[in-house]
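Numbering (our numbering), first residue to last: 114 to 454.
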Amino acid sequence: MKKIVIIGGGIAGLEVSRLLLQEGFPVTLIEKSSHLGGNIRNYAYLFPDFTPSEEILKNYTSLPGNADLQLLLNTEIEKIDFSSRPYTLFSNDGIAISADSIIIATGYQIFDARLKEEFGYGIYDGVITSVEMEKMIREQHIVTPYGKAPRRIAFIHCVGSRDAKVGNTYCSRLCCITAIKQAIETKKLLPQAEIFCFYIDLRMYGLTFEELYLNAQKEYNIQFVRGRLSETSEMIDKRLIIKAEDTLIGRPLKMMTDMLVLMVGMEASNFSKQFAYHNGLEIGEHGFFKPLNQFNARGKSQKEGIYFAGTSIGPMSVAETIEHAQATALSTISYLKGKEN
Ligand SMILES: Cc1cc2nc3c(=O)[nH]c(=O)nc-3n(C[C@H](O)[C@H](O)[C@H](O)COP(=O)(O)OP(=O)(O)OC[C@H]3O[C@@H](n4cnc5c(N)ncnc54)[C@H](O)[C@@H]3O)c2cc1C
Ligand code: SF4
Numbered sequence: 114m115k116k117i118v119i120i121g122g123g124i125a126g127l128e129v130s131r132l133l134l135q136e137g138f139p140v141t142l143i144e145k146s147s148h149l150g151g152n153i154r155n156y157a158y159l160f161p162d163f164t165p166s167e168e169i170l171k172n173y174t175s176l177p178g179n180a181d182l183q184l185l186l187n188t189e190i191e192k193i194d195f196s197s198r199p200y201t202l203f204s205n206d207g208i209a210i211s212a213d214s215i216i217i218a219t220g221y222q223i224f225d226a227r228l229k230e231e232f233g234y235g236i237y238d239g240v241i242t243s244v245e246m247e248k249m250i251r252e253q254h255i256v257t258p259y260g261k262a263p264r265r266i267a268f269i270h271c272v273g274s275r276d277a278k279v280g281n282t283y284c285s286r287l288c289c290i291t292a293i294k295q296a297i298e299t300k301k302l303l304p305q306a307e308i309f310c311f312y313i314d315l316r317m318y319g320l321t322f323e324e325l326y327l328n329a330q331k332e333y334n335i336q337f338v339r340g341r342l343s344e345t346s347e348m349i350d351k352r353l354i355i356k357a358e359d360t361l362i363g364r365p366l367k368m369m370t371d372m373l374v375l376m377v378g379m380e381a382s383n384f385s386k387q388f389a390y391h392n393g394l395e396i397g398e399h400g401f402f403k404p405l406n407q408f409n410a411r412g413k414s415q416k417e418g419i420y421f422a423g424t425s426i427g428p429m430s431v432a433e434t435i436e437h438a439q440a441t442a443l444s445t446i447s448y449l450k451g452k453e454n
């Protein structure tokens, strides 16, 4: 029987594993952390309809018990020998694993907000990232560093995306809608809080995203300011002062806020770049793995039998990740049956 190795146990790796096992292929799933689920394990509710992330992850709870699945947690692949077939993968703890096909589902990492020093992340306690905000929403406990419920919160869009200074000129696609999701969840938990979103322009690409944006204004009274943040400073009582320019009316503005939430962009993982370099795989101009083409081979690499799934090729929502993983599973099955190369 043909053997498949999947690297990365986030939603993409789990969906590919599920489908391949369903079709009777034995799978080795390699995950570098001690648990499956990837980034959404840490998120609370998912746009577009506020489904709890656990609901999505529930679809995969029976996978670890599948007799055809070899699950290797706390394991990383360092090198692949492509010189003979089947390929051989070498892990960090010295295990050699053979594979007729390999699917790379190693996901994304978030932009390091400390690189935007002017926003004050890592300097002022009241400045947090959107990932940290997810955690607070998940725990139903949004508090300022001085232990009080915040009365005013500002969400800052495009942190580490669309920004040539930090080397990321692309749009991360999901952070506008994530800001709206988090602003609504915050308002549900803290109805008295004033909430502001500072955006460059709003990218509501999904079918129901525009409605969510309108609803955020009408039902939850969330204020949207078209403006770029230029500076953050802290008062003696730890509240923050932010300076921005309101680009709609062309005037600078200053505001006091209890918390600043930075909508950090999605980046290619460090693993992608190193792994690609050592194994002769191509990387696209923004550092994500480069598929064979952007139309009908978005899950295929340039190397025979090597595929990609999910955000290892660029920012995607959970629904898009699952769809991409399904398409990759289909290509892999066709390849293993000798119908596709
Ligand atoms: C703040 C924020 C909020 C979001 N909210 C939503 C939302 O509400 N709705 C929505 O649709 N989408 C949301 N997203 C997007 C969502 O997180 C992604 O669509 C999803 O996580 C992609 O899954 P993935 O499997 O491709 O990657 P990941 O979730 O990144 O999983 C990759 C897995 O691979 C593992 N891995 C990495 N490198 C290696 C290696 N070398 N060896 C072995 N394993 C490795 C990682 O440990 C991880 O488990 C949000 C994103 C952010 C940043
Ligand atoms: S989705 Fe919105 S916040 Fe994210 S990079 Fe694009 S424009 Fe900026």
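All C-beta atoms, glycine included, are put in the ideal place defined by N, C-alpha and C.
Predicted model, so just to flag it, every value in this text is computed and none were measured.
Below 7 Å between beta carbons: does that hold for residue i and residue j?
i, j, result
"S274", "G397", "no"
"E136", "G122", "no"
"F408", "S425", "no"
"P428", "R286", "yes"
"V129", "A422", "yes"
"V140", "L149", "no"
"L375", "F232", "yes"
"H399", "Y283", "yes"
"K356", "S343", "yes"
"R227", "G239", "no"
"F311", "Q336", "no"
Using only alpha-carbon positions, find the residue among the options that is nearest to residue i.
i, options, result
"A125", "L186, F138, I216 and S204", "I216"
"I446", "F138, G121, K294 and E380", "F138"
"S382", "D225, L182 and S204", "D225"
"V431", "P165, L228, L302 and C310", "P165"
"N172", "V140, L127 and D181", "L127"
"G363", "G340, C271, R264 and A422", "G340"
"K261", "G150, L303 and S385", "L303"
"I193", "L320, S214 and T345", "S214"
"R316", "Q330, C288, Q295 and E332", "C288"
"A72", "A180, K413, S211 and T257", "Outside the modelled stretch of the chain, which goes from 114 to 454, sits residue 72, for which no answer is possible."
"A197", "E417, A442 and E453", "Here residue 197 turns out to be Ser, not Ala, going by the sequence shown. The option with the nearest alpha carbon to S197 is E417."
"I250", "L366, L325 and K294", "K294"
"I120", "E189, Y234 and F163", "E189"
"I241", "E167, A292 and E358", "A292"
"K229", "C271, S204, M246 and V256", "C271"
"I435", "N328, A218, G280 and D206", "A218"
"A442", "Y420, E298 and H254", "Y420"
For residue i, does the three-state DSSP call read helix, strand or coil?
i, result
"K300", "helix"
"H270", "strand"
"L353", "strand"
"N281", "strand"
"M429", "coil"
"R198", "coil"
"Y326", "helix"
"E168", "helix"
"Q407", "coil"
"Q253", "coil"
"F337", "strand"
"Q183", "strand"
"Q305", "coil"
"Y390", "helix"
"M348", "coil"
"P139", "coil"
"L287", "coil"
"E398", "coil"
"Y234", "coil"
"Y318", "coil"
"P365", "strand"
"I293", "helix"
Pull up the distance between the alpha-carbon of residue i and that of residue j, whole angstroms please.
i, j, result
"H115", "Y259", "In the sequence under discussion, the amino acid at residue 115 is Lys, which differs from the His named in the question. Distance between the alpha carbons of K115 and Y259: 57 Å."
"V118", "R131", "13 Å"
"R352", "Y448", "58 Å"
"I266", "E307", "6 Å"
"P177", "A209", "21 Å"
"L159", "A389", "31 Å"
"G393", "M372", "44 Å"
"E433", "G319", "11 Å"
"F322", "K300", "18 Å"
"T370", "Y156", "24 Å"
"L185", "L142", "6 Å"
"Q415", "N406", "9 Å"
"A296", "H391", "42 Å"
"F163", "P199", "43 Å"
"E191", "A212", "15 Å"
"L182", "T174", "13 Å"
"D350", "I223", "30 Å"
"V244", "F384", "20 Å"
"G333", "N281", "Here the sequence assigns Tyr to residue 333, which means Gly is not the residue at that position. Spanning the two alpha carbons is a distance of roughly 32 Å."
"E298", "F195", "48 Å"
Please indicate yes or no: does the CB of residue i lie closer than 6 Å to some heavy atom of ligand 3?
i, result
"V240", "This structure simply doesn't include ligand 3; it includes ligand 1 and ligand 2 instead."
Neighbouring residues (CB closer than 7 Å to any heavy atom of ligand 2): Ordered along the chain, the selected set is H270, C271, S274, R275, C284, S285, R286, L287, C288, C289, A292, Y312, I313, D314, L315, R316, M376 and G378.
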